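Visitor: Provided herewith is a single structure, encoded as structure tokens, for subsequent inquiry.
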């Protein structure tokens with residue numbers, strides 16, 4: 005169905021696999037109206053405009069910016085509840101066991117309150133010290149120390165595998181090994197560096213891990 009046009013019914017026995025190039029396009033077309041309706045709902049329920057929803061294919065992310073963690077949790081709970089009911093109307097559902105919660109704060113003494121979703125079919129979510137999202141590692145103060153350390157270690161393990169490509173008598177030439185290092189290893193070590201390497205950002209810990217790897 006598209007606007008007022010409805011095609012005749014026909015059977016379908018072939019789906020779209022997750023790795024298909026059509027998969028993110030179809031999911032975006034299907035989820036876009038749900039997100040639009042969600043924004044109208046949070047406006048009608050007087051939920052602060054600082055609350056937003058992002059979606060990367062089937063990976064959703066609620067964002068709430070408040071001065072109080074208790075208020076943040078209340079907003080996240082309401083937003084989660086609204087979105088679950090919308091997905092149900094569209095024939096979709098949330099995998100509650102994959103839900104996570106994470107709080108950012110620059111406070112030295114910090115206690116992360118859990119988010120209780122048991123009343124709407126979820127579980128009690130205890131905030132984690134490190135949050136991984138789309139391959140990026142976030143810590144509470146956004147130092148990205150864990151992120152740079154993880155990819156530095158990953159780069160070193162990849163370098164060790166390169167030893168089998170050549171030795172002193174045969175295999176790749178040193179110049180080709182250098183080219184391989186620049187094209188394959190450095191992108192791993194510097195993955196996501198745009199998050200922490202910018203003017204005014206504290207870069208000491210992240211650069212220390214990369215210098216040690218180098």
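Residue numbers (this note's numbering): 5 to 218.
All residues carry an ideal CB built from backbone N, CA and C; glycine is no exception.
These numbers were taken from a predicted model, which means no experiment stands behind them.
(1) Is the separation between the beta-carbon of residue 166 and that of residue 193 shorter than 8 Å?
(2) Just list the residues that DSSP pairs residue 129 with in beta bridges.
(3) Have a look at the DSSP bridge pairing and note the partners of residue 67.
(4) On the criterion of 16 or more Cβ atoms from any shown chain inside 10 Å, does residue 187 qualify as buried, or is it exposed?
(5) With DSSP run on the structure shown, which of helix, strand or coil describes residue 24?
(6) If we ignore side chains and look at the alpha-carbon of each, how far apart do residue 62 and residue 103 end up?
(7) With distances taken Cα to Cα, identify the nearest neighbour of residue 136 among 15, 105, 84 and 126.
(8) Examine the Cβ distances between the segment 38-57 and the segment 104-119 and report whether three or more of them are shorter than 8 Å.
(9) Alpha carbon to alpha carbon, how far is residue 196 from residue 111?
(10) What residues are listed by DSSP as bridge partners for residue 170?
Guide: Let's see:
(1) no
(2) 119
(3) 56
(4) exposed
(5) coil
(6) 12 Å
(7) 105
(8) no
(9) 25 Å
(10) 175
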